[in-house]
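There are 2 protein chains.
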Amino acid sequence: MSIIYDRVALIGLGLIAGSMAWAMKRNGVAGTISGFAQSQASRDVTRDLGFCDIVCDSALDAVKDADLIVLAVPVGAIGAVMKDIAKGLKPGATVIDVGSVKRDVFNAVMPHLPSDVHFVGTHPMAGTEHSGPKSGFAELFDNRWCLIVPDKADPQVVARVEEYWHALGSMTDQMDIDHHDRVCAVVSHIPHLIAYTMVGVADDLRKVTDSEVIKYSAAGFRDFTRIAASDPTMWRDVFMTNKDATLEILGRFTEELFALQRAIRKGDGDHLFDYFTRTRAVRRGIIEAGQDTDAPNFGRSKT
Amino acid sequence: MSIIYDRVALIGLGLIAGSMAWAMKRNGVAGTISGFAQSQASRDVTRDLGFCDIVCDSALDAVKDADLIVLAVPVGAIGAVMKDIAKGLKPGATVIDVGSVKRDVFNAVMPHLPSDVHFVGTHPMAGTEHSGPKSGFAELFDNRWCLIVPDKADPQVVARVEEYWHALGSMTDQMDIDHHDRVCAVVSHIPHLIAYTMVGVADDLRKVTDSEVIKYSAAGFRDFTRIAASDPTMWRDVFMTNKDATLEILGRFTEELFALQRAIRKGDGDHLFDYFTRTRAVRRGIIEAGQDTDAPNFGRSKT
Chain A
886 MSIIYDRVAL IGLGLIAGSM AWAMKRNGVA GTISGFAQSQ ASRDVTRDLG
936 FCDIVCDSAL DAVKDADLIV LAVPVGAIGA VMKDIAKGLK PGATVIDVGS
986 VKRDVFNAVM PHLPSDVHFV GTHPMAGTEH SGPKSGFAEL FDNRWCLIVP
1036 DKADPQVVAR VEEYWHALGS MTDQMDIDHH DRVCAVVSHI PHLIAYTMVG
1086 VADDLRKVTD SEVIKYSAAG FRDFTRIAAS DPTMWRDVFM TNKDATLEIL
1136 GRFTEELFAL QRAIRKGDGD HLFDYFTRTR AVRRGIIEAG QDTDAPNFGR
1186 SKT
Chain B
886 MSIIYDRVAL IGLGLIAGSM AWAMKRNGVA GTISGFAQSQ ASRDVTRDLG
936 FCDIVCDSAL DAVKDADLIV LAVPVGAIGA VMKDIAKGLK PGATVIDVGS
986 VKRDVFNAVM PHLPSDVHFV GTHPMAGTEH SGPKSGFAEL FDNRWCLIVP
1036 DKADPQVVAR VEEYWHALGS MTDQMDIDHH DRVCAVVSHI PHLIAYTMVG
1086 VADDLRKVTD SEVIKYSAAG FRDFTRIAAS DPTMWRDVFM TNKDATLEIL
1136 GRFTEELFAL QRAIRKGDGD HLFDYFTRTR AVRRGIIEAG QDTDAPNFGR
1186 SKT
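Residue numbers (this note's numbering), protein chains in the order written: chain A, 886 to 1188; chain B, 886 to 1188.
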């Protein structure tokens, strides 16, 4: 593959930035990769791992001469970072973020963006429950969606950003800012909140039931613990910054849950059966869309 | 391995019975396997698949001369089945169930159990989202837990039942009736109810967001759809028969969820961060207990 940006600066060196760097190296997408992280430890680890060509001790140094700047920090830190780097950005450069929300990111970035620098929102829908520079791997984005939120950006700049994500292995789709935040509340934010809640409940009960909750986790609970092990800082920021959409979906969720709770209390088996039948169709849609495997035991190796 | 029961009768021919039969054949655990299902279609499919040596057209025929009778029907049907087969049971035979709840099963079975027949509750903690005779496979129980609920059964009879489950590949643990129902409400029943609810909410919203919910499901939602595709009849019966424990755990869940919802509304980031940090430890416990893989991308093959 050919170079898409001559110089790429990664601000923040966690799972996403590390995976982007490895994927850029794998496919020869960037000429030079510079990087910066707030934490000295992360910078040191990144120097050892070698996925950046240059690790800088300030964000301003890292963005110097960069054609693409990736804001790969928690959403809550994006405004401060943007303010920090604004005066060092090369005219004509493109800045992207990789955050899970977009309205708040645009609000944080735009006031600091120089008039001769472009900004495009991007959101790679890929992750693991691990975090930090050691957690990155080149295949993270392969065949996964990356949502592109251009808002008012120059179409040619946006096209180049999409080309870049394709070169990292992703498929892309464009979306409006607020629609993005609403879709992500449904497919990602509320499922995470619910998983965190369930694991929290079980953790409370663990004091009663000893280690049984862990021992027998394969019965359904295990899937929740995987989701609920994700990075606490990232997820705190998601809920702090996508408040309206998450509260709206959460309202619908508790409404439905109370209807099912009432059916259990009243012994209304028909209501439960009809509800449980309807949800099977959603699963079939996901299998047909190629978003998951239909293999027995959930496609996992036996443990 | 040597034969543990000379003749085993499977009443109900779904995922669990089919998998038990394949595992019995793999390890030579039974002399002869007979089977019965309420549905003619399931009996026909089972005859074609060949995992039973004899497929009978009545439950009473199937249990004739059987040393072990497995009640592998939805929990809500166990009382009627037990009443049906009681007069055909061989003196000294052992009956087991494989249901997800136990108090209700004991209440349903015991009034019909002949005094010279034994009953032991068993609950293999294994499953997939598939159902029916075609969904069974020999490896389903390998290295998974099977909970044994002896109540007042003869210890020698119980030991034989445990030996049988070991021969199918499972590990076993003994538990009291009510403790079983409470532990399972936490690790399995409520996680399923929550997953069903979340998928139901998304299905409602799908009418608004077209197929986006399915397209971007890998962001967390996908794990819920897998759980929520499980057999509707089985899960209806679980909630109809484990009412007290599920309502209790559900009460705790909504209490915690409301506390998090309030933190989102108030913008209390510390509360969210502390909660999300605590749940990570539970995940670590599960990895350390060998109940799941720590591999990137959740140990799934890339799709």
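By construction, the Cβ of each residue, glycine as well, lies at the ideal position given by its N, Cα and C atoms.
Fair warning: this is a prediction, and the values are worked out from it, not measured in the lab.
Any Cβ of chain A within less than 7 Å of the Cβ of residue i?
{"i": "B:ARG911", "result": "no"}
{"i": "B:GLN1146", "result": "yes"}
{"i": "B:LYS1128", "result": "yes"}
{"i": "B:TYR1102", "result": "According to the sequence displayed, residue 1102 of chain B carries Ser and not Tyr. Yes, its Cβ sits closer than 7 Å to a Cβ of chain A."}
{"i": "B:ILE1099", "result": "yes"}
{"i": "B:PHE921", "result": "no"}
{"i": "B:HIS1051", "result": "no"}
{"i": "B:LEU1090", "result": "yes"}
So for residue i, helix, strand or coil by DSSP?
{"i": "A:ASP982", "result": "strand"}
{"i": "A:LEU1053", "result": "coil"}
{"i": "A:VAL990", "result": "helix"}
{"i": "A:VAL1071", "result": "helix"}
{"i": "A:THR1007", "result": "strand"}
{"i": "B:PHE936", "result": "coil"}
{"i": "A:ALA922", "result": "coil"}
{"i": "A:GLY916", "result": "strand"}
{"i": "A:LEU1025", "result": "coil"}
{"i": "A:TYR1081", "result": "helix"}
{"i": "B:ALA1174", "result": "coil"}
{"i": "A:VAL1002", "result": "coil"}
{"i": "A:ASP1039", "result": "coil"}
{"i": "B:ALA894", "result": "strand"}
{"i": "B:VAL958", "result": "coil"}
{"i": "B:LEU1032", "result": "strand"}
If you drop the 5 nearest sequence neighbours on each side, which residues of the same chain put their C-beta closer than 6 Å to that of residue i?
{"i": "A:GLY1021", "result": "LEU900, GLY903, SER904, TRP907"}
{"i": "B:VAL893", "result": "ALA915, ILE918, LEU953"}
{"i": "B:ALA1011", "result": "LEU1025, PHE1026, ARG1029"}
{"i": "A:ALA993", "result": "ILE963, GLY964"}
{"i": "B:GLY984", "result": "VAL960, VAL990"}
{"i": "A:ALA1023", "result": "TRP907, ALA908, ARG911"}
Within 7 Å of any Cβ in chain B, is that where the Cβ of residue i sits?
{"i": "A:GLU1047", "result": "no"}
{"i": "A:THR1082", "result": "yes"}
{"i": "A:SER1073", "result": "yes"}
{"i": "A:PHE1124", "result": "yes"}
{"i": "A:ARG892", "result": "no"}
{"i": "A:ARG1137", "result": "yes"}
{"i": "A:TRP1030", "result": "yes"}
{"i": "A:ALA1189", "result": "An answer regarding residue 1189 of chain A cannot be provided, because it is not within the stretch 886 to 1188 covered by chain A."}
{"i": "A:PRO1117", "result": "yes"}
{"i": "A:LEU1157", "result": "yes"}
{"i": "A:ALA908", "result": "no"}
{"i": "A:THR1007", "result": "no"}
{"i": "A:ILE1171", "result": "yes"}
{"i": "A:THR1162", "result": "yes"}
Just checking my contact of residue i with residue j at CB under 8 Å: how many whole Å lie between their CB atoms?
{"i": "B:MET967", "j": "B:HIS997", "result": "4 Å"}
{"i": "A:ASN1127", "j": "A:ASP989", "result": "7 Å"}
{"i": "B:ILE1033", "j": "B:VAL1072", "result": "At roughly 16 Å, the Cβ-Cβ gap does not stay under 8 Å, so B:ILE1033 and B:VAL1072 are not in contact."}
{"i": "B:PRO1018", "j": "B:THR931", "result": "5 Å"}
Using C-beta distances below 7 Å, list every residue in its chain close to residue i, excluding the 5 sequence neighbours before and after it, in chain order.
{"i": "A:SER943", "result": "PHE921"}
{"i": "B:ALA1087", "result": "VAL1098, PHE1106"}
{"i": "B:ILE1134", "result": "ALA1070, VAL1071, ILE1075"}
{"i": "B:ALA947", "result": "ALA894, ILE896, SER919, GLY920, PHE921, CYS941"}
{"i": "B:VAL958", "result": "ILE896, GLY897, VAL966"}
Take residue i and list the residues in its own chain whose beta-carbon comes closer than 8 Å to its own, dropping the five residues that flank it on each side.
{"i": "B:PHE1124", "result": "HIS1074, LEU1078, THR1131"}
{"i": "B:ASP1001", "result": "PRO976, GLY977"}
{"i": "B:VAL1093", "result": "With a pLDDT of 49 at B:VAL1093, under the threshold of 50, the modelled position of that residue is not reliable, and the figure given next carries that caveat. No residues qualify anywhere along the chain."}
{"i": "A:LYS1187", "result": "Residue confidence for A:LYS1187 is low, a pLDDT of 34 falling below 50, so the modelled location carries little weight; the figure read from the coordinates is stated next. None."}
{"i": "A:GLY1147", "result": "Here residue 1147 of chain A turns out to be Arg, not Gly, going by the sequence shown. Cβ neighbours of A:ARG1147 beyond the five flanking positions: ASP1153."}
{"i": "B:MET1119", "result": "PRO959, VAL960, SER985, SER1016"}
Thinking just about the alpha-carbon of each residue, which of the options is nearest to the one in residue i?
{"i": "A:SER927", "options": "A:ILE896, A:ASP950, A:GLY913", "result": "A:ILE896"}
{"i": "A:ASP1063", "options": "A:LYS987, A:THR1007, A:PHE1026, A:VAL983", "result": "A:LYS987"}
{"i": "B:THR1007", "options": "B:LEU1025, B:ASP1058, B:GLY961, B:ALA971", "result": "B:ASP1058"}
{"i": "A:ASP1159", "options": "B:ASP1155, B:TYR1160, B:ASN992, B:ALA1113", "result": "B:ALA1113"}
{"i": "A:GLU1173", "options": "B:VAL1071, B:SER1096, B:THR1126", "result": "B:SER1096"}
{"i": "B:ILE981", "options": "B:TYR890, B:SER1102, B:GLY935, B:VAL1071", "result": "B:TYR890"}
{"i": "A:PRO1076", "options": "A:PHE1109, A:LEU974, A:THR1164", "result": "A:PHE1109"}
{"i": "A:ARG1137", "options": "B:VAL1167, B:ARG1168, B:VAL1084, B:GLY1170", "result": "B:VAL1084"}
{"i": "B:TYR1081", "options": "A:PHE936, A:ASP1155, A:VAL1167", "result": "A:VAL1167"}
{"i": "A:ASP1122", "options": "B:GLU1141, B:ARG1169, B:ASP1155, B:LEU945", "result": "B:ASP1155"}
For chain E, is any of its Cβ atoms less than 7 Å away from the one on residue i?
{"i": "B:ILE1033", "result": "This model lacks chain E altogether; the protein chains it does include are A and B."}
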